Amino acid sequence: MNAERLMTGGCMCGAVRYEVSGEPFLVSHCHCRSCRKHNGGPVVTLAGYKKDQVRFSGEERRIYASSPGVGRAFCGTCGTPLTWEGDGGEELGQIVEFHLSTFDEPEALKPTGHAFYSERISWFDTADSLPRYEGFVEMSPLLGHGPA
Ligand SMILES: [Zn+2]
Ligand SMILES: [Zn+2]
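Numbering (the working numbering) for the sequence shown: 4 to 151.
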């Protein structure tokens, strides 16, 4: 019997629900302009899963194609921004990254780094000592640890 972790989440009104099984391949903060624009906050925290770990239920999510091959999903009823969806590369295939605070128990997932730190709003930082990257976590130059 496989005891894979199951986590659930959904939008603010509850129309769109999702379930993920197993562990995310990455949990990280993202400071990029697109994520901030989609979310409306100064930073977004994302938990990424392979598409086959993810199951949506309830109302169909709406998807905005923010660039070729990239979808950003939201609830058509309450507008909650839910995901970044697209190609995760050869190893991962299609991926779904969830905005962490849409999980029912977001505290169960802890970020390990900051992505696109170079694009952050200059007055915003956090007190953690996690590594800050210029672009994607562990795939771009490391800028340092801890706040600027
Ligand atoms: Zn909703
Ligand atoms: Zn981003």
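Think of the CB as a built atom: it goes at the ideal place given N, C-alpha and C, for glycine as much as any other residue. Given the structure is predicted, the values throughout are model-derived calculations rather than measurements.
Which residue from E141, S37, P134, F139 puts its Cα closest to that of H148? Comparing alpha-carbon positions, the option among E141, S37, P134, F139 lying closest to H148 turns out to be P134.
Distance check for S69 and T11, CA to CA, integer angstroms please. 25 Å
Can you name the residues that DSSP bridges to E110? BP columns for E110 are empty, so no partner.
Beta-carbon within less than 8 Å of T86's beta-carbon, same chain only, minus the 5 sequence neighbours each way: which residues are those? R64, G74, R75, A76, V99, E100, F101, H102
Secondary structure of R36, DSSP reduced to three states: helix
Any residue with its C-beta under 6 Å from a non-hydrogen atom of ligand 2 counts. Can you list them all in chain order? Cβ atoms closer than 6 Å to ligand 2 belong to C33, C35, S37, C38, F119.
Measuring CA to CA, which of G96, F106, T83 is closest to G44? T83
Local Cβ density within 10 Å of G72, reported as buried at 16 or more and exposed below that: exposed
Roughly how many angstroms separate the alpha carbons of D128 and C33, rounded to a whole number? 12 Å
From this set, G92, E26, Q97, G17, which residue's C-alpha is nearest S60's C-alpha? G17
Secondary structure of E122, DSSP reduced to three states: helix
Counting only the same chain and skipping the five closest in sequence on each side, list residues whose C-beta sits under 8 Å from that of V30. T48, L49, A50, G51, L103, L112, K113, P114, T115
Can you tell me where the beta strand (DSSP E) holding T83 begins and where it ends? Counting along the chain, T83 falls outside any beta strand (DSSP E), and DSSP gives it neither H nor E.
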